[in-house]
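Take a look at the structure below.
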Amino acid sequence: MKVLGIMSGTSLDGIDLALLEVGNPSPPQSSPDPRLLQPPTWELSAFRTKPYSPDRRTRIQETMASGASRDLALLHTSLGEWFAEATLEFLSEIGVPSDSIAALGSHGQTVWHEPPRTGARGSSFQLGCPATLAERTGIDVVSDFRSRDLAAGGHGAPLVPWADRVFFSSPEGPRAIQNLGGMANVTWLPRAGDATPILAFDTGPGVALLDTAAGLATDGRKRFDEDGELSAKGQVHEGVVQRVLAHPFFRQAPPRSTGRELFGTSMANDLMAEVARDLGSELVPGRPSQGWPDVLATLTALTARSIGDAYRRWVIPRGVDEVFLMGGGSRNPALFRAIEEELSPIPLRFGEALGMDPDAREAAAFALLAWAHVTGVPANVPEATGSQGLRVLGSWTPGRRGAGP
13 MKVLGIMSGT SLDGIDLALL EVGNPSPPQS SPDPRLLQPP TWELSAFRTK PYSPDRRTRI
73 QETMASGASR DLALLHTSLG EWFAEATLEF LSEIGVPSDS IAALGSHGQT VWHEPPRTGA
133 RGSSFQLGCP ATLAERTGID VVSDFRSRDL AAGGHGAPLV PWADRVFFSS PEGPRAIQNL
193 GGMANVTWLP RAGDATPILA FDTGPGVALL DTAAGLATDG RKRFDEDGEL SAKGQVHEGV
253 VQRVLAHPFF RQAPPRSTGR ELFGTSMAND LMAEVARDLG SELVPGRPSQ GWPDVLATLT
313 ALTARSIGDA YRRWVIPRGV DEVFLMGGGS RNPALFRAIE EELSPIPLRF GEALGMDPDA
373 REAAAFALLA WAHVTGVPAN VPEATGSQGL RVLGSWTPGR RGAGP
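As structure tokens, then:
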């Protein structure tokens, strides 16, 4: 079965598209508990990222910041059009007809994620109209993956761990997959065939704070700290790092999730102001040599320390033979070295060692989640999300094949 996954993450790099060929498990599935099922066979046939134009990226950022109803409604439709445009372009490039795709799993663009709290359900809001996507491509669309887990009392996140088990479990021993997107999250996987529950949660900020600072440091010429160049020249402001790590989020035991609502522009501005006060000088956009390296070094340390702290509290006690870095942040040498130091002596490896482009992981996961929806397989992990039980995730929007004359 050919399934397509598309993802637009919190880093707003662009639209990731992954095509999977998924085979039925053998022997046939018979257990309602996905931990006990023989995983499906799979092959990643193709992957691309379609970068957002500066105008589109700015529109998403400004709409998320304003939260105005009209702007959100219009962006919802526009994102559906952009996702469809990227999908048709991708399929044309790889020579695959749209009518051969059984389902398209679309995560959408998260504009708000609020975890559950005492006495209140959580909420997670993604834009990218599935009806527009289905109409333009003619492909059946599975979307709104988080709502069912939220309705069952969970966080609606993380949703990738079930796919991580299928993609990356090893018969040799337990391992961890550390993602470095806008937010950072970990999936701890038991040895393949072991029914021990997966552990998965958000460790804290990934590259969202770093990207905000890098954009200001270069006055918009760069969207991220390329090769960790700026942070490698700076000094870490320990007081700033320790103040952020004192936030209650970092002491909260899993299940836990977070987003730009906490680790976003507002926090980035606060931390930059603190570093500027320490230096006794103003941070001037476009002058990366004046204080900005210290900002980037401090934010790099914050991401690495929060990951190290989370591992020492919850991951390492379970046993972990090796850690693999995924996501765009894995290509930042300064961040890699900082995380490697935090996790030593556990080996830290690049995600490519697992046979998958690190940037493809989430799009491939939502392709697999679309397959799970089509085949009726529950794909949440209650131990990771905190939901009341296993649920089939997503909502179905028929393409032209099911849309009537």
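Mapped onto the numbering used here, the consecutive letters of the sequence shown carry residue numbers 13 to 417.
We put the CB at the ideal spot given by N, CA and C, even for glycine.
Just so you know, these numbers come straight off a predicted model, no measurement behind them.
1) Looking only at DSSP bridge pairs, what is I18 linked to?
2) If I measure Cβ to Cβ from R317 and keep anything under 7 Å in the same chain, skipping five residues before and after, which residues do I get?
3) Just to confirm before moving on: does the CB-CB distance between G7 and Y64 stay below 7 Å?
4) According to DSSP, is L48 part of a helix, a strand, or is it coil?
5) Please work out which residues of its chain come closer than 7 Å, Cβ to Cβ, to V393, disregarding the five sequence neighbours upstream and downstream, and give them in chain order.
6) Do you know offhand how far G8's Cα is from R343's?
7) So, for T99: in the same chain, excluding its five sequence neighbours on each side, which residues have a beta-carbon less than 6 Å away from its beta-carbon?
8) Per DSSP, F137 is paired with what?
9) Would you kindly work out how many angstroms separate the C-alpha atoms of T224 and P267, rounded to a whole number?
10) Roughly how many whole angstroms lie between the Cα atoms of L418 and G246?
11) CB-CB under 8 Å to A77, same chain, minus the five flanking residues each way: which ones, in chain order?
12) Quick one: what's got a C-beta closer than 7 Å to S112's C-beta in the same chain, skipping five residues either side?
13) Taking the CB atoms as reference points, tell me whether N197 and D214 lie closer together than 7 Å.
14) To the nearest angstrom, report how far apart P170 and S356 are at their CA atoms.
15) My parser needs the alpha helix (DSSP H) runs of 4 or more residues fully inside the stretch 168-220; what are they?
16) State the Cα-Cα distance for the pair R325 and E250, rounded to the nearest angstrom.
17) Less than 8 Å between the CB atoms is what I'm expecting for S243 and A309, so what's the real figure, rounded?
18) Classify T397 as helix, strand or coil using the three-state DSSP reduction.
19) Just confirm the distance between the C-beta atoms of G134 and P128, as a whole number of angstroms; I'd bet it's less than 8 Å.
20) The alpha helix (DSSP H) with L257 in it runs from where to where?
21) V307 by DSSP, collapsed to three states: which one?
22) Whole angstroms are fine: how far does the CA of A280 sit from the CA of V178?
23) The alpha helix (DSSP H) that contains E97, what's its start and end?
24) Mark A226 as exposed unless 16 or more other C-beta atoms lie within 10 angstroms of its C-beta, in which case mark it buried.
25) Return the bridge partner residues of T224 from the DSSP annotation.
26) How is the beta strand (DSSP E) around A58 delimited, first residue to last?
27) Taking just the CA atoms, how far does F378 sit from P40?
28) What residues match up with G35 in a beta bridge as DSSP calls it?
29) Quick check on L380: does DSSP put it in helix, strand or coil?
30) Residues in the same chain with beta-carbon distance under 7 Å from S399, minus the five sequence neighbours each way, listed in chain order, please.
31) Using 8 Å for Cβ pairs, my map puts T144 next to T89. What's the rounded Cβ distance?
32) Does the distance from the CB of G21 to the CB of L381 come in under 7 Å?
33) Only counting the same chain, and skipping five residues up and downstream in sequence, which positions put a Cβ closer than 7 Å to that of S23?
34) Are the beta-carbon atoms of I319 and V335 separated by less than 7 Å?
Taking the definition as stated:
1) Looking up residue 18 in the sequence shown gives position 6. DSSP output for I18 lists L29, S118 as bridge partner(s).
2) Position 305 of the sequence shown holds residue 317. Here the set comprises V253, L257, E354.
3) The first residue shown for the chain is 13 and the last is 417, placing residue 7 beyond what the model contains.
4) Reading the sequence shown from its first residue, position 36 is the one you call residue 48. The predicted position of L48 is uncertain, since its pLDDT is 47 and thus under 50; no value can be drawn from it.
5) Residue 393 sits at position 381 when you count from the first residue of the sequence shown. Excluding positions up to five away in sequence, the list reads P173, W174, I210, A212.
6) Residue 8 lies beyond the range of the chain shown here (13 to 417); nothing can be said about it.
7) As a first step, residue 99 must be located in the sequence shown, where it is residue number 87. Excluding positions up to five away in sequence, the list reads T149.
8) Against the sequence shown, residue 137 aligns to sequence position 125. Answer is W124.
9) As a position in the sequence shown, residue 224 is number 212, starting the count at 1. As a position in the sequence shown, residue 267 is number 255, starting the count at 1. Distance between the alpha carbons of T224 and P267 is about 27 Å.
10) There is no way to answer for residue 418, as the model of the chain reaches only from 13 to 417.
11) The count along the sequence shown starts at 1 and reaches residue 77 at position 65. If we look at A77 and ignore the five residues flanking it on each side, its Cβ neighbours are T277.
12) For the purposes of this step, residue 112 is taken as residue 100 along the sequence shown, with counting starting at 1. Same-chain partners within the cutoff: K14.
13) Counting from one through the sequence shown, the residue named residue 197 turns up at place 185. Counting from one through the sequence shown, the residue named residue 214 turns up at place 202. Contact flag set, yes.
14) Indexing the sequence shown from 1 puts residue 170 at position 158. Indexing the sequence shown from 1 puts residue 356 at position 344. P170 and S356: Cα-Cα distance of roughly 26 Å.
15) 173-180
16) One-based indexing of the sequence shown puts residue 325 at position 313. One-based indexing of the sequence shown puts residue 250 at position 238. Each residue's alpha carbon lies about 21 Å from the other.
17) Walking along the sequence shown from the start, residue 243 turns up at place 231. Walking along the sequence shown from the start, residue 309 turns up at place 297. With a Cβ gap of about 5 Å, S243 and A309 count as contacting.
18) The residue you call residue 397 lines up with position 385 of the sequence shown. Looking at T397 - three-state DSSP - the assignment turns out to be helix.
19) Residue 134 sits at position 122 when you count from the first residue of the sequence shown. Residue 128 sits at position 116 when you count from the first residue of the sequence shown. That pair is a contact at about 4 Å.
20) Position 245 of the sequence shown, counted from the first residue, corresponds to residue 257. Per DSSP, L257 belongs to the alpha helix (DSSP H) from 250-257.
21) Position 295 of the sequence shown, counted from the start, is the residue given in the question as residue 307. Three-state DSSP puts V307 in a helix.
22) Counting from one through the sequence shown, the residue named residue 178 turns up at place 166. Counting from one through the sequence shown, the residue named residue 280 turns up at place 268. The straight-line gap from Cα to Cα measures roughly 36 Å.
23) The residue you call residue 97 lines up with position 85 of the sequence shown. Where E97 is concerned, the enclosing alpha helix (DSSP H) stretches over 81-106.
24) Locating residue 226 in the sequence shown gives position 214, counting from the first residue. A226 is buried by the Cβ-count criterion.
25) For this step, residue 224 is matched to residue 212 along the sequence shown. According to DSSP, T224 bridges with nothing at all.
26) Numbered from its first residue, the sequence shown carries residue 58 at position 46. Residues 53-63.
27) If you number the sequence shown from 1, residue 40 lands on position 28. If you number the sequence shown from 1, residue 378 lands on position 366. Because the pLDDT of P40 is 49, which lies under 50, any placement of that residue in the model is unreliable, and the question is left without a value.
28) Numbered from 1 along the sequence shown, position 23 holds the residue referred to as residue 35. Note: G35 sits in a beta bridge opposite T53.
29) The residue given as residue 380 occupies position 368 in the sequence shown. It is helical.
30) Here residue 399 refers to the residue found at position 387 of the sequence shown. These residues qualify, in order along the chain: D161, A164, G165, G166, N392.
31) Along the sequence shown, one-based indexing puts residue 144 at 132. Along the sequence shown, one-based indexing puts residue 89 at 77. Right, the Cβ-Cβ distance comes to about 6 Å (below 8 Å), so this counts as a contact.
32) As a position in the sequence shown, residue 21 is number 9, starting the count at 1. As a position in the sequence shown, residue 381 is number 369, starting the count at 1. Contact: no.
33) Sequence index remark: in the sequence shown, residue 23 carries index 11 (1-based). Excluding sequence neighbours, S23 sits near G193, G194, V219, A220, D223, G340.
34) Against the sequence shown, residue 319 aligns to sequence position 307. Against the sequence shown, residue 335 aligns to sequence position 323. Cβ distance not < 7 Å, so I319 and V335 don't count as in contact.
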